[in-house]
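Structure record follows, encoded as structure tokens.
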Amino acid sequence: MSKKELETEYNQPYKIPVEGSLGILAYGDLGLRAWRKVKHENKLKNDSNEKE
Amino acid sequence: MKKNKLLLIGWDAADWKIIGPMLAKGEMPALKKLIDKGVYGNMSTMNPPYSPMLWSSVATGKTPDKHGVLGFIEIMPNMKGIRPVTTNSRKAKALWNILHYKGYKSNVIGWWPSFPAEPINGVVVSDKFQKVNKDPNKKSPILKGTIHPESLVKELQDLRMFPHEVTEAHILPCIPNADRVDQEKDKGLVNFAKMLAENSSVHAAATNVMRTTEWDFTAIYYDLIDHFCHAFMKFHPPKQKAISQDMYDIYNQAVVSAYKIQDMMLERTMELVDDDTTIMVVSDHGFESGHRRILKMPKYPAAPALEHRQFGIFVAAGPNIKKNEKVFGLGLIDIAPTILHHFNLPIGKDMDGKVALDIFEKPTEPKYIESWESIKGDFAQIKDSSGDDILSDQETMQQLVDLGYIDKPDEKIEIAILKTQCDLKHNLARVYLGKKDYDASNKILLELIHDTYPKYQKSEIEGKNKELLKKQGVQEGDSVVDVVPFYMDLLSISLATKTYELAEEYLNKLRELDKNFQINTYFSEAKILLNKGRVHEALKLLQKAKDRKPNAEVWYQMGTIYVRLNNYSEAKNAFEKALEFEIDSAKYHQAIANVFIRLNDFETAAEHALTAIELIKYFPEAHYTLGEALEKLGDLENAKIAYETAAKLKPVEHVRAEKALQNLDEKLQKPLELRDKADYKHKKDQIVIVSGLPRSGTSLMMQMLANGGINILTDENRKADTSNPKGYYEYDPVMSIHKDNEWLNLAQNKSVKIVAPLLKFLDPKYRYKVIFMNRDLNEVVKSQQKMIGKDPETLPTKLFEAYKKHLAQVEVWKDREPSVELIYVDYKEVINNTKAIVEKVVSFVGVDMNNEEMINSVDMSLYRNKS
């Protein structure tokens, strides 16, 4: 599972799972955007693995 | 950073019945945190409980007849179709319009209705923002008017979440057995994804504007709980018989999960405000979660609203909000005036709500103006809607149909418009009905039944909508507008206005019209029978209905008939049964309070009347009943307050309260009359009680009894001192008699000292002879002041009033309790006329005693603190 570190406003590290979570949605705009970024990066990674 | 900000969060349909147990289990930590540092209470809704109307009342402080939002849909300004209700329907100024005029900055996110967005000073993300096409292959453009200012569209557009983005990580915590859902037949997961996505979009937009803008007021509306409840409440525990085990196992956690998600979102918004911000979390109504859950919706416009409960929630916390206190009697109509007051702005006298002053730690006097509506200036309202040709929003319309809030619109536009016109007029009539403006309601309903409507033709019955019309039981020649609901309301009005002949006519008309669905008419029939004096027939009818399907209302109606028959004991049982079904009905508490008064149980009557008032503050009858109960209990001062409140709330009609007040004023002016109740005979195993207010001579009387030869129940723990040099004759367990009165068996054939306020805890299974020491209240209070080292010349008036109250209560208590005899003994008489008093006491106790020793007990030198 690919995870990405999210910096919250309080500088607490938070690992975002690709499949998301209710907690990330509850975090609002920052959570939604960070999750989509993780998904996007994961997709790029998978696409590149497939090519290889 | 701005000061004195206010964040208003709307949770449609949130209900304490679900929240209470979750708070106890620690499952809603954010709300708990808010409650701990603020106030909480019920918030009563209005009729009809349709959300767009209610949230517009929250925003305006006005009832729907004034603000103009009358339903879920509206007719387009060009009269070419119908569409989900928009801002155009609202004719009154919302909070954000007033705040704009006054130079404040507001953010409004998701409010229902808020499209098209009004050009206020701040941000509006309207309720169209989150509505996206569920088909990921179709585009979901952000329409003009969705967001104000339009320049923010670019910033916010990616914050819409789409249903297809929902993953098992979102579903499984809410529906753990989601893999068992047969998605061909069961649309539960599709609905779940849509509801979660929409509310996540609202929340993302809200958190964004809260973070990135300077604001004074932010209002956010979420429909997550309401929509989850409509979809999944039938599967919520306890399992209902009609629900299959399989479906129950799949969905039983869904409703609770919506509350958990909402709480997590609350936590995030709380992180985004400072301590200087006041936060309010409110719901417009509750949601039935017990036996009144509806498994099969009746065919009735907006039938799902039948599942809405009368009470929503109110929680508030902030710098000037009281801490950890329950508040009572709030209505959703009070929110706007309260928020205006928070911003130190005047309240329009034409607003129907009032400032909830009870919530404030340091309340200030509200300011008023005649009306905000007549003030000219820039309120950022949308004035010209003539060019507003927004097409009917199919997705949103479909959602309203899916939720059951509206019927599927007819294919023929003119029929769809006609039906909508009728629905909106009917809703307005129901608003007037809710406000008890029967004339206004009646007028509209009569217009509705007298209008002529087109009829369904054969071609329509067999056309495109064949299945739908068949399902609705529509036949060729039926009117396209169903007039049955209009007649039902006319029937209610005629019963409320006691025009029973008309009621009978409407009832017969309904029987004639009601071919397709069963209407419960037994309440109406029973009322008509009652008017004809056929009381027992009415009772029989209700009993039959109760045996068929017991419910709270049928028990209540039976109770009212028993009251009419003066059968208070059966009435009490019936109202108790009604309360078993519905514990938070103010009406039932009020009814049973009234019965307890007739049964001479005034304390229980007062408790129920108070509960009714806690539930609905503006309930004049309950205040009146409370007044009656308190008056009987001898608490005349508070009885007066209760009667005054009843009269104030209903100044024209409450003549009974006015009369009761006059009587009470006379009573208050008269000195309290104390009358003995004694038959001067010895009773087997009697307990002789010496009572009175502290420092009224009770120890002296105990000493006299002891010297006269009566056994005393005392532990002698309290030793003699300068205040009572001959001892107190006290018994420690007396002090906790309200918790444990088992020890009273030890007092049989003995004497024990019990102060006046504790007499009511005596166990009625024993016989009591109470010698009640009476002493001039000024002397009592002075003596006490001296005993506790205070200046005896300073009279604490509150204490004085409290003692007067106790004395009045004793007078009522002794008359009420059959096991109690009581004589009053004046302290001054004991000193000045000892012999006569001793004879009176001996005769009252009814046993031979040593009169001489009793007389010798009196030490004149101890008579101090004379007034």
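First to last, the protein sequences are chains Y and S. Counting in this note's numbering, the first sequence runs from 1 upward without gaps. Counting in this note's numbering, the second sequence runs from 1001 upward without gaps. We treat Cβ as the ideally placed atom computed from N, Cα and C, and that holds for glycine.
So for Met1247 of chain S, helix, strand or coil by DSSP? Here residue 1247 of chain S refers to the residue found at position 247 when the second sequence is read from its first residue. The answer is helix: DSSP assigns Met1247 of chain S an H, G or I state.
Margin query: Using only CA atoms, which one of S:Lys1648, S:Leu1713 and S:Leu1031 lies nearest to Met1913 of chain S?
Written below: Residue 1913 of chain S lies beyond the range of chain S shown here (1001 to 1867); nothing can be said about it.
Within a Cβ cutoff of 6 Å, which residues of the same chain sit near Ala1356 of chain S, ignoring the five residues on either side of it in sequence? To locate residue 1356 of chain S, count along the second sequence from 1; it is residue 356. So the qualifying residues of the chain are Leu1330, Asp1334 and Thr1338.
Contact list for Leu1159 of chain S against chain Y, beta-carbon separation under 7 Å | For the purposes of this step, residue 1159 of chain S is taken as the residue at position 159 of the second sequence. Those within 7 Å of Leu1159 of chain S in chain Y are Asp29 and Leu32.
Inset, instruction - Could you list which residues in chain Y have their beta carbon closer than 9 Å to that of Glu1168 of chain S, in chain order? - result: Numbered from its first residue, the second sequence carries residue 1168 of chain S at position 168. By Cβ distance, chain Y contributes Glu19.
Using the beta-carbon of each residue, which ones in chain Y are nearer than 7 Å to Ala1204 of chain S?
Your numbering for residue 1204 of chain S matches position 204 in the second sequence. The answer, in chain order, is Gly28, Asp29 and Leu32.
Worksheet item: How many angstroms separate the CA atom of Lys1804 of chain S from the CA atom of Glu1817 of chain S?
Response: Against the second sequence, residue 1804 of chain S aligns to sequence position 804. Against the second sequence, residue 1817 of chain S aligns to sequence position 817. Their Cα atoms are separated by approximately 20 Å.
(message) Quick check on DSSP: helix, strand or coil for Gly1387 of chain S?
(response) Within the second sequence, residue 1387 of chain S is the residue found at index 387, counting from 1. Low confidence applies here, because Gly1387 of chain S scores a pLDDT of 44, under 50, leaving its location unreliable; read the following figure in that light. Of the three classes helix, strand and coil, the one that applies to Gly1387 of chain S here is coil, per DSSP.
Q) Quick one, which of S:Leu1799, S:Pro1052 and S:Lys1025 has its alpha-carbon nearest His1285 of chain S's? A) The sequence position of residue 1285 of chain S within the second sequence is 285, counting from 1. Closest option to His1285 of chain S, Cα to Cα, is S:Pro1052.
Where does Gln1183 of chain S land, buried or exposed, given buried means 16+ other C-beta within 10 angstroms?
The residue labelled residue 1183 of chain S in the question sits at position 183 within the second sequence. So Gln1183 of chain S ends up on the exposed side.
Fill in: the segment 1229 to 1241 of chain S / the segment 14 to 29 of chain Y touching (three or more Cβ pairs under 8 Å)
no
ask   = Between the C-alpha atoms of Lys1726 of chain S and Ala1720 of chain S, what's the straight-line distance to the nearest angstrom?
value = The residue given as residue 1726 of chain S occupies position 726 in the second sequence. The residue given as residue 1720 of chain S occupies position 720 in the second sequence. Lys1726 of chain S and Ala1720 of chain S: Cα-Cα distance of roughly 6 Å.
Discussion item. Quick check: is the beta carbon of Leu22 of chain Y nearer than 7 Å to any beta carbon in chain S?
Written reply: If you number the first sequence from 1, residue 22 of chain Y lands on position 22. Yes, because at least one Cβ of chain S sits closer than 7 Å to the Cβ of Leu22 of chain Y.
* Asked: Under three-state DSSP, which class holds Ile1710 of chain S?
  -> On the second sequence, position 710 is the one that residue 1710 of chain S refers to. In this structure, Ile1710 of chain S counts as coil in the three-state DSSP scheme.
Review point. Quick one, which of S:Lys1546, S:Phe1575, S:Asp1547 and S:Pro1550 has its alpha-carbon nearest Thr1560 of chain S's?
Key: As a working note, residue 1560 of chain S is residue 560 in the second sequence. The residue with the shortest Cα to Cα distance from Thr1560 of chain S is S:Phe1575.
- Note down, in chain order, every chain B residue with its Cβ under 7 Å from the Cβ of Met1264 of chain S. Of the protein chains in this structure, namely Y and S, none is chain B.
Terminal residues of the alpha helix (DSSP H) in which Phe1486 of chain S lies: Sequence index remark: in the second sequence, residue 1486 of chain S carries index 486 (1-based). Counting along the chain, the alpha helix (DSSP H) containing Phe1486 of chain S begins and ends at Val1484 to Ala1496.
Under 8 Å between beta-carbons, which chain Y residues line up against Pro1029 of chain S? List them in chain order, please.
Working through the second sequence from its first residue, we reach residue 1029 of chain S at position 29. Ordered by position in chain Y, no residue passes the 8 Å Cβ test against Pro1029 of chain S, which lies about 12 Å from the chain.
_To be precise: take each residue of the segment 1169 to 1201 of chain S, compare its Cβ to all Cβ atoms of chain Y, and keep it if any distance is under 7 Å. Which residues remain?_
Ala1169, His1170, Pro1173 and Ser1200
In this structure, does DSSP put Ser1257 of chain S in helix, strand or coil?
Position 257 of the second sequence, counted from the start, is the residue given in the question as residue 1257 of chain S. Helix at Ser1257 of chain S.
Tell me the start and end of each unbroken beta strand (DSSP E) in the segment 1740 to 1806 of chain S that is at least 3 residues and wholly inside, in chain order.
1751 to 1753 and 1768 to 1774
Pair every Cβ in the segment 1172 to 1190 of chain S with every Cβ in the segment 1104 to 1122 of chain S, then say whether three or more of these pairs are closer than 8 Å.
no
Through-space distance from Leu1424 of chain S to Ser1126 of chain S, alpha-carbon basis: For the purposes of this step, residue 1126 of chain S is taken as residue 126 along the second sequence, with counting starting at 1. For the purposes of this step, residue 1424 of chain S is taken as residue 424 along the second sequence, with counting starting at 1. Whole-angstrom Cα-Cα distance: 23 Å.
Below 8 Å on the Cβ atoms is my contact criterion, and I expect Val1480 of chain S with Lys1419 of chain S to pass it. Report the Cβ-Cβ distance as a whole number of Å. Along the second sequence, read from residue 1 onward, the residue named residue 1480 of chain S stands at position 480. Along the second sequence, read from residue 1 onward, the residue named residue 1419 of chain S stands at position 419. Indeed, because the Cβ distance is near 7 Å, the residues count as touching under 8 Å.
Original post:
Whose CA, out of S:Asp1158, S:Ile1018 and S:Asn1344, lies closest to the CA of Ile1098 of chain S?
Top reply: In the second sequence, residue 1098 of chain S corresponds to position 98, counting from 1. If we check each option's Cα against that of Ile1098 of chain S, S:Asn1344 comes out closest.
DSSP three-state assignment for Phe1517 of chain S, whether helix, strand or coil
Here residue 1517 of chain S refers to the residue found at position 517 of the second sequence. Here the model assigns Phe1517 of chain S a pLDDT of 45, short of 50, so the residue's position is not dependable and the matter cannot be decided.
Q.
Based on DSSP bridge pairs, tell me the residues matched to Lys1527 of chain S.
A. The residue you call residue 1527 of chain S lines up with position 527 of the second sequence. Bridge partners of Lys1527 of chain S: none, in fact.
- Task: Excluding the 5 residues preceding and the 5 following Ala1440 of chain S in the sequence, name in chain order all residues of the same chain whose CB lies nearer than 7 Å to its CB.
- Result: Here residue 1440 of chain S refers to the residue found at position 440 of the second sequence. If we look at Ala1440 of chain S and ignore the five residues flanking it on each side, its Cβ neighbours are Tyr1432.
ask   = From Tyr1768 of chain S to Lys1617 of chain S, what distance separates their C-alpha atoms?
value = Here residue 1768 of chain S refers to the residue found at position 768 when the second sequence is read from its first residue. Here residue 1617 of chain S refers to the residue found at position 617 when the second sequence is read from its first residue. In a straight line, the C-alpha of Tyr1768 of chain S is about 40 Å away from that of Lys1617 of chain S.
Q) Which same chain residues, not among the five before or five after Phe1772 of chain S, have their C-beta less than 6 Å away from its C-beta? A) Residue 1772 of chain S sits at position 772 when you count from the first residue of the second sequence. For Phe1772 of chain S, where only same-chain residues beyond five positions count, the Cβ hits under 6 Å are Ser1691, Gly1692, Leu1822 and Tyr1824.
Check your understanding: Who are the neighbours of Thr1207 of chain S on chain Y, taking C-beta pairs under 8 Å?
Key -> Here residue 1207 of chain S refers to the residue found at position 207 when the second sequence is read from its first residue. Correct list: Tyr27, Gly28, Asp29 and Leu30.
Hey, is the segment 1118 to 1138 of chain S in contact with the segment 1243 to 1262 of chain S, meaning 3+ C-beta pairs nearer than 8 Å? no
task = Go through its chain and collect everything with a Cβ distance to Phe1761 of chain S's Cβ below 8 Å, but skip five positions before and after it.
result = If you number the second sequence from 1, residue 1761 of chain S lands on position 761. Around Phe1761 of chain S: Ile1737, His1738 and Asn1741.
Which stretch, first to last residue, makes up the alpha helix (DSSP H) that contains Glu1853 of chain S? Along the second sequence, read from residue 1 onward, the residue named residue 1853 of chain S stands at position 853. Run containing Glu1853 of chain S: Asn1851 to Asn1856, per the alpha helix (DSSP H) assignment.
Next on the checklist: Judging by CA-CA distance, which residue of S:Ile1082, S:Leu1636 and S:Val1108 is the nearest neighbour of Ala1094 of chain S?
Outcome noted: Within the second sequence, the letter at position 94 stands for residue 1094 of chain S. Among S:Ile1082, S:Leu1636 and S:Val1108, the Cα nearest to that of Ala1094 of chain S belongs to S:Val1108.
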